[in-house]
DNA sequence: GAGTAATGAATGAATGGTCATTCATTATGG
DNA sequence: CCATAATGAATGACCATTCATTCATTACTC
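Laid out in structure tokens, this is it:
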């Protein structure tokens, strides 16, 4: 196994164990075992468990942003662009339940709160500020979406998506393409003027 | 301190410590200390830490449901009833940040997932099924709200509320009565036909 | 190119710390 | 004075992290 493979194996094992059992029941010993390395090896690739967890989160975030950008065109009308992003995110989560669970765990842990706070203070704008931010700000100035603080627009758009994804992944609802579309449109309804 | 007071003190200490530091950094030793009792005393009132945590959750849930019912009238029109419930919940969370944080911690822990699963299987209907369920089901049959599975209606209605409450409590937005009203109405927009 | 030395990645047993829980002992109050 | 409540030191389990040691690979020398 190459060096890069080993690092990857450790990250993958962490993803699986944390997603399934939470941070506290994902001890380094188990992560190492599942990755097929010794416990000490983790520390050759990551300074400590903390760093491992944060690095994994950042890599997932990057991957998601890249995925959402494919097929996103700045020329389409607001509603379409919005629905593309929002239903794309939902589809991604459904296709990657482990990643979704990991991200949720992260967001609700002390790591995640600190991480988010840094981000909000660094730039004075909310999360994955790249595409979403632009879309929302433009929408507000052009008076197609409600005139509310950016953070609240994010909450209205993504709050339901997270909640729906969780319920699908826990098996409480079975989503299909039609439902996903309807949900994305409902989110749009809550934003549009 | 009376027996009841002691039990109450333990629950309160648990609420505070779990809300602030999470389950893992709320050891029994600290809970006991903050409650002004010895560690062993906890086990005279609760079988173990698990039970303590679940009992506290159930008491909070009961309290919230009771609060929301005050001022709720079955005669008002849909939109008003909905906005009453949803903005009431948001106001409750904002007024009780510790409770909100505790509930969120709980929902995202193995306790919470198991708890929810039992609930969903017990009755084949989603959460606080009392008032909300009735309102939503009635709304669907009367064709005032979208014809979507009940679980999804819950997600659309409460997903944003949770998200908004979290951002307020973390200090990322300062909500006032006007904003709360606007948010509740936006949630309604996503449900209404 | 064979033999030897140097390197540094990988290992996993050992360490020190933390935690939930127990229980022998002590305090309380009726 | 007895029954019951409360105590908190002790226990055993578990965990993140360390580090002396092993081992495979590379570099060097003749």
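Residue numbers (our numbering), protein chains in the order written: chain B, 10 to 202; chain P, 10 to 202.
Note that beta-carbon positions come from the ideal geometry of N, C-alpha and C, so glycine has one too.
Model, not experiment: these values are computed from the prediction.
Check: At which residues does the alpha helix (DSSP H) containing residue 129 of chain B begin and terminate?
Finding: 119-131
Next item on the list: Ignore the nearest five residues each way along the sequence and tell me which others in residue 95 of chain B's own chain have a CB closer than 7 Å to its CB.
Entry: 166, 170, 193, 196
Notebook entry, point to check: Who pairs with residue 201 of chain P in a beta bridge, going by DSSP?
Noted result: P:154
Note to self: Counting beta carbon pairs with one atom in the segment 82-94 of chain P and one in the segment 139-151 of chain P, are three or more of them shorter than 8 Å?
What the structure shows: yes
Next item on the list: Below 7 Å between beta carbons is the criterion; list the residues of the segment 152-166 of chain P that meet it against any residue of chain B, in chain order.
Entry: 155, 157, 158, 160, 161, 164, 165
Margin query: Short of 7 Å in beta carbon distance, which residues of its chain neighbour residue 176 of chain P, apart from the five on each side in sequence? Order them along the chain.
Written below: 182
Notebook entry, point to check: So is residue 142 of chain B in contact with chain P if we call contact Cβ pairs under 8 Å?
Noted result: no
Next item on the list: Label residue 114 of chain P either buried or exposed according to how many other C-beta atoms from any shown protein chain fall within 10 Å of its C-beta, with 16 as the threshold for buried.
Entry: buried
Check: Could one say the Cβ of residue 129 of chain P lies closer than 8 Å to chain B's Cβ atoms, at least one of them?
Finding: yes
Margin query: Just verifying my parser: in three-state terms, what is the DSSP assignment at residue 182 of chain B?
Written below: coil
Item checked: Which listed residue (B:99, B:46, B:199, B:33) has its alpha carbon closest to that of residue 16 of chain B -> B:46
Item checked: Presumed contact (8 Å Cβ cut-off) between residue 111 of chain P and residue 24 of chain P, rounded CB distance -> 5 Å
Next item on the list: List the whole-angstrom C-beta distance separating residue 77 of chain P from residue 97 of chain P, where the pair is believed to meet the contact cut-off of C-beta under 8 Å.
Entry: 5 Å
Item checked: Alpha-carbon to alpha-carbon, residue 178 of chain P and residue 141 of chain B -> 23 Å
Next item on the list: Ignore the nearest five residues each way along the sequence and tell me which others in residue 108 of chain P's own chain have a CB closer than 6 Å to its CB.
Entry: 69
Next item on the list: Would you tell me roughly how many angstroms separate the C-alpha atoms of residue 155 of chain B and residue 74 of chain B, rounded to the nearest one?
Entry: 25 Å
Next item on the list: Using a Cβ cut-off of 8 Å (strictly closer), state whether residue 118 of chain B contacts chain P.
Entry: yes
Next item on the list: Starting from residue 181 of chain P, find everything on chain B with Cβ-Cβ shorter than 7 Å and list it in chain order.
Entry: 129, 160
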